[in-house]
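Okay, structure first, notes after.
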Amino acid sequence: MKKQMVGTVITLFVSVDGSSVHLEKEHVVLDEKGIKGDKYYDTNIQRSVLITSLASYTLVNDHNIEMPYGSLGENLLIDFNPYHLTAGDKLQIGGVILQISQNCTMCDHLSKIDEQLPILLKDDRGIFAKVIQGGEIKKEDEIFLL
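Sequential numbering of the sequence shown, starting at -4, is according to my numbering.
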């Protein structure tokens, strides 16, 4: 299988049960049910991993809205913009293979941060992936498009 290096992992987050808190992690472990330890683990395999690009935060900052990383609910924050990828495309990160499943829709909580966010990030909030091959993803891992 041919692969092309497209970027790196900036940081990782897991969602905490019973809270809107996203904990930053040095590494995460995934299997076919999602990210172990994440509150969404084994709830919807098509939406197991939310990938967000630094480009989303740049867009927000360019409109004078300050948001810390993790505010968009992402599990993986990467320096590659994956929003042009389509369902079925695959990424390899470390030993993990993810398959793009769908674009992320807007959540109500974003308008509470700033009213402009749902419009501003309509197509640039993130993209969901399911886990094809589990393993570990760490900060600074390289990302390959398969």
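For glycine and all other residues, C-beta sits at the position ideal for the given N, C-alpha and C.
Since the model is a prediction, treat every value here as computed from it, not as a measurement.
Give me the residue from Ser48, Leu25, Val11 and His79 with the minimum Cα distance to Arg120.
Here residue 120 refers to the residue found at position 125 when the sequence shown is read from its first residue. Of the listed residues, the one whose Cα sits closest to Arg120 is Ser48.
Starting from the Cα of Val150, find the closest Cα among Pro113, Lys(-2) and Leu93 and give me that residue.
With the chain running from -4 to 141 in the structure shown, residue 150 is simply not present.
Considering only C-alpha positions, which residue in the set Val55, Gln128, Gly90 and Gly129 is nearest to Ile114?
Within the sequence shown, residue 114 is the residue found at index 119, counting from 1. Answer by Cα proximity: Val55.
Could you check how far apart the C-beta atoms of Thr3 and Ile138 are, in whole angstroms? I think they sit under 8 Å.
On the sequence shown, position 8 is the one that residue 3 refers to. On the sequence shown, position 143 is the one that residue 138 refers to. Yes, Thr3 and Ile138 are in contact; Cβ-Cβ is about 6 Å, under 8 Å.
Please list the terminal residues of the continuous beta strand (DSSP E) segment that includes Asn59.
Your numbering for residue 59 matches position 64 in the sequence shown. That residue, Asn59, is in no beta strand (DSSP E); it is neither H nor E in DSSP.
Is the beta carbon of Gly29 sitting closer than 9 Å to the one on Val91?
Within the sequence shown, the letter at position 34 stands for residue 29. Within the sequence shown, the letter at position 96 stands for residue 91. No; because the gap between Cβ atoms is not below 9 Å, this pair is not in contact.
Ser96 by DSSP, collapsed to three states: which one?
In the sequence shown, counting from the first residue as 1, residue 96 sits at position 101. Note: Ser96 maps to strand in three-state DSSP.
Is it a yes or a no for the region 82 to 90 touching the region 32 to 39, going by three-plus beta-carbon pairs under 8 Å?
The region 82 to 90 is not in contact with the region 32 to 39.
For Lys125 versus His22, is the C-beta spacing smaller than 9 Å?
On the sequence shown, position 130 is the one that residue 125 refers to. On the sequence shown, position 27 is the one that residue 22 refers to. No, the Cβ-Cβ distance between Lys125 and His22 is not below 9 Å.
For Leu18, is the classification buried or exposed, using 16 other Cβ atoms within 10 angstroms of its Cβ as the cut-off for buried?
For the purposes of this step, residue 18 is identified with residue 23 of the sequence shown, where counting begins at 1. Under this definition Leu18 is an exposed residue.
Which partner residues does Asp26 have in the DSSP bridge list?
For the purposes of this step, residue 26 is identified with residue 31 of the sequence shown, where counting begins at 1. According to DSSP, Asp26 bridges with Gly29.
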